[in-house]
Amino acid sequence: MNYIGSKLKLSPFIKETIYSAAGKNLSQKIFCDLFAGTGIIGRVFKAEVKQIISNDIEYYSFVLNKNYIENHKEIEFKHYLDELNNLKGACGFIYQNYCLGGGRGRQYFSDDNGAKIDAIRQKIEFWRRKRIIKDSLYYFLLSSLLEAADKVANTASVYGAFLKRLKKSAQKKFVFRRSRV
Ligand SMILES: C[S@@+](CC[C@H](N)C(=O)[O-])C[C@H]1O[C@@H](n2cnc3c(N)ncnc32)[C@H](O)[C@@H]1O
């Protein structure tokens, strides 16, 4: 995820520092990611440690870490992804609050993309309420939606402000893709 506080670029340094303090064999260690954010640091260590504990105050991080850290089996998602990509837009929370069409003067997403994000978010929640999907798929889909929405966000990587004009990547049509593994 394109997140300004992400430690992705620092991950080789963090890894080397942890190796030098705890040794290279971490297979019996528990890795605690106290400010997990995007989950990238937990993901870097996921295959090497016995267990990962991810902590963060924000729900976005909970969602990403439920998927990237807790999910560890193959997930059948293609049919769901296709259905979500074919939805028509809906004027929901994102459209109303974060798109110009919503009338609140914000342009975090183009109108079309905001409405598409809403339709997908609503459908994922519907599937969960009706117990059509399990938690593993629910968080996989939410995490994919977060990542895909971020690709067309009209921001400079932080969501404290939006850009006055729709930047090029925000003008692109929203495509719902699977989140990276
Ligand atoms: C710089 S960011 C994330 C860094 C993360 N390692 C990454 O690479 O994505 C810091 C994170 O700390 C979380 N945070 C801030 N204050 C917190 C608190 N008091 N308790 C738990 N999490 C907190 C924020 O929600 C944010 O996701």
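In this text, residue positions in the sequence shown follow the numbering used here: the first is 1068, and each later residue adds one.
Even glycine gets a Cβ: it sits at the ideal position worked out from N, Cα and C.
As the structure is a computational prediction, the values presented were derived from the model and not from experiment.
C-alpha gap between residue i and residue j, whole angstroms
i	j	result
Leu1101	Ala1220	27 Å
Lys1022	Val1111	For residue 1022 there is no data in the structure shown, the boundaries of the chain being 1068 and 1248.
Val1225	Tyr1070	7 Å
Gly1172	Asp1185	18 Å
Cys1099	Glu1214	24 Å
Leu1154	Lys1183	7 Å
Ile1191	Gln1238	24 Å
Glu1083	Ser1094	16 Å
Phe1129	Arg1232	31 Å
N- and C-terminal bounds of the beta strand (DSSP E) containing residue i
i	result
Phe1098	Ile1097 to Asp1100
Cβ pair residue i, residue j closer than 7 Å
i	j	result
Leu1209	Ile1187	no
Tyr1205	Gly1181	no
Thr1105	Ser1073	yes
Gln1118	Ala1157	no
Ile1081	Gly1109	no
Asp1178	Gly1168	yes
Ser1203	Asn1138	yes
Tyr1175	Phe1243	no
Ile1097	Leu1075	no
Ile1142	Phe1207	yes
Endpoints, alpha helix (DSSP H) assigned at residue i
i	result
Ile1085	Ser1078 to Ala1089
Arg1110	Ile1107 to Phe1112
Backbone secondary structure at residue i - three-state DSSP
i	result
Ile1120	strand
Lys1240	coil
Ile1071	coil
Ser1224	coil
Asn1132	helix
Lys1234	coil
Glu1287	Residue 1287 lies beyond the stretch modelled for the chain, which goes from 1068 to 1248, so this question has no answer here.
- Message: Which complete alpha helix (DSSP H) runs does the region 1142-1219 hold, if anything under 4 residues is left out?
- Response: 1145-1152, 1160-1165, 1178-1196 and 1202-1218
- Task: When you get a sec, list the residues whose CB is within less than 5 Å of any heavy atom of ligand 3, chain order please.
- Result: As for ligand 3, it is missing from this structure, which binds only ligand 1.
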